[in-house]
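Take the position in the sequence shown, starting the count at 1, then add 6; the result is the number in the working numbering.
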Amino acid sequence: MELLLVEDEQRLGKSIRQGLEEAGHACVWEKTLEEGLAAARTRRFDAIVLDLMLPDGSGLDLLATIRGEGIGTPTLILTALGSVEDRVRGLESGGDDYLVKPFAFAELLARLQALCRRAGERPAMQRSFGSVNLDLASRRVTREGKEIDLSPTEFTILEFLMRHRGSVVTRKMLSEQVWGEDWEGMSNLIEVHINHLRRKLDRGFTESLIVTVRGRGYALRTDA
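The following block contains the structure:
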């Protein structure tokens, strides 16, 4: 699993990250609401472990923000606030599970594995990045609420880029995903589709959502 831990308590955060890494999982550890929000927006994680009492705000605010942006990463709320009301508030705010401090690390790990397993059994029907929302069921795309008419190929390219947000998508990856063949000789075709997609997405906006990474491929802007 690739996990995001948002926890400001130094000793606990270090212990959780070490335990997760020793169990064979990758863990990005952020200590503030702002840092956690930036990580959740720009990287794709299998699950988030979220403390509620952060130095710059409540973890519930972070959760409400990412859910409002369509980021459905399974989230385990980790907090000392253990009343029924606190648990209900956390789950109603978009949390998927709740673990009260102090806790056994084995239980934390088991809950995270269960969250990721359930998420894998029900594929997300929406993807979002910044102000762009993509509905897989209706194949509808909007940016800041404005509907954008994409061709099937453009839709597939955008969905692939959104699945790999925070990473560079190479031309080889695109050609194999979209056309099912090797990219050699297809570079111009890929560029044509990327340019068409850019024009449609960026119409009425000052900055392009898709950037070209010279010599490597394409990526979504990290500050979108």
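Using N, Cα and C, we set each Cβ at its ideal position, and we do this for glycine too.
Where does the unbroken beta strand (DSSP E) through residue i begin, and where does it stop?
i    : result
L105 : 103-106
G221 : Segment: none, G221 is in no beta strand (DSSP E) and carries neither H nor E.
Q132 : 132-135
I163 : Careful: I163 lies outside any beta strand (DSSP E), inside the alpha helix (DSSP H) at 158-169.
L11  : 8-12
T148 : 146-149
T81  : 81-85
K178 : Here K178 belongs to no beta strand (DSSP E); instead the alpha helix (DSSP H) covers 177-180.
Report all residues from its chain with a CB closer than 7 Å to the CB of residue i; omit the five preceding and five following residues, and keep chain order.
i    : result
E40  : D62
Y104 : I83, R93, G96, L97
C33  : L9, L11, R23, L26, E27
R149 : S137, V138, L207
Work out the CA separation of residue j and residue i for me, nearest whole Å.
i    : j    : result
R133 : V90  : 32 Å
A86  : L66  : 14 Å
V198 : L180 : 13 Å
G96  : I83  : 7 Å
E75  : K37  : 21 Å
I154 : P108 : 48 Å
V175 : R222 : 8 Å
G78  : I72  : 8 Å
K206 : V106 : 47 Å
G151 : L195 : 29 Å
Provide the residue span of the alpha helix (DSSP H) that contains residue i, from first to last.
i   : result
D67 : 65-74
V90 : 90-98
L18 : 16-28
With residue i and residue j assumed to form a contact (beta carbons below 8 Å), what rounded beta-carbon distance in angstroms separates them?
i   : j   : result
L10 : G42 : 7 Å
Once the 5 residues before and after residue i are set aside, which same chain residues still bring their CB inside 6 Å of it?
i    : result
F166 : Q183
I216 : R204, Y224
When you compare the CB of residue i with every CB in chain C, is at least one pair closer than 8 Å?
i    : result
L203 : Looking for chain C here will not work: only one protein chain is present.
Q) Do the stretch 14-34 and the stretch 56-72 touch if we need at least three Cβ pairs shorter than 8 Å? A) yes
(Q) Count Cβ pairs between the stretch 16-33 and the stretch 132-151 that sit closer than 8 Å; are there 3 or more? (A) no
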